[in-house]
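Novice: First, the structure itself, so that you have it in front of you.
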Amino acid sequence: MNLVRSELLKIRTTNTWWIFGLGTLVTLALAFLVNAVNASFSLSGEQDLDSVPAEQAEQLRAAASDVYQAANLFTSGQYFGLLFVMMLGILVVTNEFYHQTATTTFLTTPHRSVVVAAKLVTAALIGALFWLLTTALTIPATFIYFAAKGWETHFGEWDITRAILLNLLAYVLWGIFGVGFGVLIRSQIGATITAVVLYLVGTTAANLVFFLLQEWLGWDWIGKLAVIIPSTASTLMISGTELPGSPPQWAGAVVLITYAVVTGAVGTLITRRRDIA
1 MNLVRSELLK IRTTNTWWIF GLGTLVTLAL AFLVNAVNAS FSLSGEQDLD SVPAEQAEQL
61 RAAASDVYQA ANLFTSGQYF GLLFVMMLGI LVVTNEFYHQ TATTTFLTTP HRSVVVAAKL
121 VTAALIGALF WLLTTALTIP ATFIYFAAKG WETHFGEWDI TRAILLNLLA YVLWGIFGVG
181 FGVLIRSQIG ATITAVVLYL VGTTAANLVF FLLQEWLGWD WIGKLAVIIP STASTLMISG
241 TELPGSPPQW AGAVVLITYA VVTGAVGTLI TRRRDIA
């Protein structure tokens, strides 16, 4: 715990954490606005599904439910929130090399595995803190919005509770991803830019590849393989109801947990063997 406290101190003594926190709040507000407009359209019953393909129409009908839209609003801001948490996880590692404190850290605590474990725990705590902050804002906002519309939030029902808790798991695991990424790329700027590009551009490109393969080959199961993309798995986890043609929520959780375990193990092994000086 002393190591964890020292890692938290390193984060608190830089300006980055509150910049990312402010960015999270701004993107949260924008995401909630977009989700609120989408909920209003979906729950108004004004959608014309006659000209929509059968499978897509089924998904739209499933999404046009109080539970799905409430879960979507309760977990607003996840997409960019996870990005900021990952970048903070990267900084937990790369700050050591940027501020040239890595040698001192490992001389003070020669057991490198313990140091890495402390960094992983710190990143997980940061993720949990960001989840707590965003959820504390989205829950009352959703209640107010749904009350104004006269809709039922279904808060307390298992589908909603599960989505909120799985959102917590996603925030924690993406913090761990950030640590693993920072271990692979020591450069703070290099690691941050690479992670942002992969997250924003790579996700879209990978989903497009799966979609084109599905359309070309005509195999529906190929589209479901998109769940192996971490950000897609995170989005799947917070859906209030299972959408037709989509993998179950637990599949997204399994994918993220697997990534986290592999990332943590690889990061520990690399740090133990790599020359720090």
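UniProt numbering puts the first residue of the sequence shown at 1, with every later residue one more than the last. Heads up, the beta-carbon is just placed ideally off N, CA and C, and yes, glycines get one too.
#1: Return the CA-CA distance between Ser44 and Gln78, expressed in angstroms with no decimal places.
#2: If you check the beta carbons only, do Leu170 and Ser234 fall under 7 angstroms apart?
#3: Just reading off the alpha helix (DSSP H) that Arg5 is part of, what are its end residues?
#4: Are three or more beta carbon pairs between the segment 195-208 and the segment 79-97 nearer than 8 angstroms?
#5: Do Met237 and Leu166 come within 7 angstroms of each other at the CB atom, strictly closer than that value?
#6: Over what stretch of residues does the alpha helix (DSSP H) that includes Phe210 continue unbroken?
#7: So Glu152 is in the alpha helix (DSSP H); what residue range does that whole segment cover?
#8: Counting Cβ pairs, one atom from each stretch, are 3 or more of them under 8 angstroms apart for the segment 152-165 and the segment 67-77?
#9: Measuring CB to CB, does Val191 end up less than 7 angstroms from Thr108?
#10: From Gln214, Val262, Leu173, pick the residue whose C-alpha is nearest to that of Val121; which is it?
#11: Relative to the C-alpha of Pro110, which residue among Thr232, Leu3, Val262 is closest?
#12: Taking only three categories from DSSP, how would you classify Leu243?
#13: As an exercise, report each continuous alpha helix (DSSP H) stretch of at least 4 residues that is fully enclosed by the segment 58-145, in chain order.
#14: Are there 16 or more other CB atoms within 10 angstroms of the CB of Gln188, so buried, or fewer, so exposed?
#15: Could you compute how far the alpha carbon of residue 278 sits from the alpha carbon of Leu129?
#16: Under the three-state reduction of DSSP, which class applies to Pro230: helix, strand or coil?
#17: For the alpha helix (DSSP H) containing residue 280, list its first residue and its last residue.
#18: Got a sec? Which residues, its chain only, sit under 6 angstroms from Ala251 by beta carbon, not counting five neighbours each side?
#19: By Cβ distance, which residues of its chain are closer than 7 angstroms to Thr271, with the 5 residues on each side in sequence left out?
#20: Can you say whether Lys119 is buried or exposed, counting buried as having 16 or more other CB atoms within 10 angstroms of its CB?
#21: By the 10 Å Cβ neighbour count, where 16 or more other Cβ atoms means buried, how is Asn72 classified, buried or exposed?
#22: Quick check: the Cα distance between Ala253 and Val37, rounded to an integer number of angstroms?
#23: Would you identify the three-state DSSP class for Ser44, choosing helix, strand or coil?
#24: Could you check which residue in Ala124, Phe74, Trp18 has the C-alpha nearest to that of Phe146?
#25: Under the rule that 16 or more other beta-carbon atoms within 10 Å means buried, what is His154, buried or exposed?
#26: Taking the alpha helix (DSSP H) that Leu173 falls in, what are its first and last residues?
#27: Can you list, in chain order, the residues of its chain with a C-beta nearer than 7 angstroms to that of Thr241? Leave out the 5 residues immediately preceding and following it.
Specialist: Looking at the coordinates:
#1: 25 angstroms
#2: First, the residue type needs correcting, since residue 170 is Ala and not Leu in the sequence shown. In this structure, Ser234 lies closer than 7 angstroms to Ala170 by Cβ.
#3: 2-12
#4: yes
#5: yes
#6: 203-217
#7: No alpha helix (DSSP H) contains Glu152, which DSSP labels as neither H nor E.
#8: yes
#9: First, the amino acid is wrong: residue 191 is Ala here, not Val. No, they are not a contact pair.
#10: Leu173
#11: Leu3
#12: coil
#13: 66-74, 78-98, 102-108
#14: buried
#15: Nothing about residue 278 can be reported from this structure: the residues present for the chain run from 1 to 277 only.
#16: helix
#17: The first residue shown for the chain is 1 and the last is 277, placing residue 280 beyond what the model contains.
#18: Val227
#19: Arg112, Val116, Val183
#20: buried
#21: buried
#22: 28 angstroms
#23: coil
#24: Phe74
#25: buried
#26: 158-184
#27: Ala62, Ser65, Val67, Tyr68, Asp159
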